[in-house]
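First residue of the sequence shown: 839, per my numbering; consecutive thereafter.
Ideal Cβ placement from N, Cα and C applies to all residues, glycine included.
Since the structure comes first, as structure tokens, the remarks are kept for the end.
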Amino acid sequence: MLIQVADAPEYDEEASTVFAEGWPEFIFHDAVAKQYNERRGQYFPEWEFYYVSAERRLLAGCWGVALAWDGSVDDLPGGYTDALARAVTSYEAGISPNTFVLMAAAVRADQQGQGTAAALITAVRDHAVTAGLSQVIAPLRPTLKTRYPLTDIATYQTWTRADGLPLDPWLRTHVRLGASVLAPAPASQTITGTVAEWEEWTGMVFPSPGTYTIPAGLTTLSVADGLGTYVEPNIWVRHA
Ligand SMILES: CC(C)(COP(=O)(O)OP(=O)(O)OC[C@H]1O[C@@H](n2cnc3c(N)ncnc32)[C@H](O)[C@@H]1OP(=O)(O)O)[C@@H](O)C(=O)NCCC(=O)NCCS
């Protein structure tokens, strides 16, 4: 069952620990996204959900934003951060949204691989359409890309299995639900930090300038002049 986060504060503490585990620390250090996040919370509280079982156990969570999109690839936001920025600035400009952007979803670790994400996506997609947002898109973070950090995202998104479904399990879940791949988002999020910060976020040391593969990275980290820069690639999908 889908419930709005604002209506269920009793899950907040549990959710903050259970869902944070699903993400690498560095993903929380996107400086541009941080500029918009507080306003996002104020403007779009109705687009933040918990998903609970019939026994009201917390299983999953997700959140998104609403924005205006003309349905073309050219008009897509650049990725996660740009979608957040566009949603916030459009809201402030009074532009009516027609599109729900599913920004993030997480299923608790002991519940993964049982189709919970599919149930969550279906519920939130139906909710968006009922609320008048007839288009549903997502800049998704392909989970298996961590094993192929050197592969270009445009190539990775075309990889399929023998049955024709995407090789990536998270992309596969969306496609099984009727989503289609729209475009790569090669610069969905940019995360910059000092070498010391990156060492803390990754548990690695970076003794020289250069290019490094990092735990849970979808691409490599570039280290130069005392700074590390990581540009996260995602994949835009559209739900039917
Ligand atoms: C990605 C995520 C939301 C999927 O949720 P889920 O409920 O496990 O999804 P499903 O049960 O539909 O499984 C989807 C596919 O992933 C596979 N899968 C699920 N958990 C897995 C795991 N821990 N390791 C490897 N594959 C896994 C499933 O086998 C399934 O593949 P299939 O097509 O062969 O059946 C969940 O793994 C998660 O919360 N991850 C951490 C946060 C994250 O990365 N979110 C996505 C980016 S927005």
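- Query: Which partner residues of W885 appear in the DSSP bridge assignment?
  - Reply: In the DSSP output, where bridge partners are listed per residue, W885 has none listed.
- Task: Give a yes or no on contact between the segment 867-875 and the segment 904-920, applying the rule of three or more CB pairs nearer than 8 Å.
- Result: yes
- How should V1061 be labelled, buried or exposed, when 16 other C-beta atoms within 10 angstroms of its C-beta is the threshold for buried? buried
- Query: Rounded to the nearest angstrom, how far is the Cβ of T1032 from that of T1067, given a contact under 8 Å?
  - Reply: T1032 to T1067, Cβ: 11 Å. No contact.
- Task: Below 8 Å on the Cβ atoms is my guess for Q973 versus G909; work out the distance and round it to an integer in Å.
- Result: 7 Å
- Query: Since R963 is in the alpha helix (DSSP H), which residue starts that stretch and which ends it?
  - Reply: Per DSSP, R963 belongs to the alpha helix (DSSP H) from 954-968.
- Task: Alpha carbon to alpha carbon, how far is L1003 from Q1010? Give it in angstroms, no decimals.
- Result: One detail in the question is off: residue 1010 reads as Arg in this sequence, not Gln. The alpha-carbon atoms of R1010 and L1003 are separated by roughly 6 Å.
- Task: Determine which residues share a DSSP beta bridge with L1065 and list them.
- Result: T1032, A1062
- Excluding the 5 residues preceding and the 5 following Y929 in the sequence, name in chain order all residues of the same chain whose CB lies nearer than 6 Å to its CB. Y881
- May I have the straight-line CA-CA distance separating P987 from L1020, to the nearest angstrom? 21 Å
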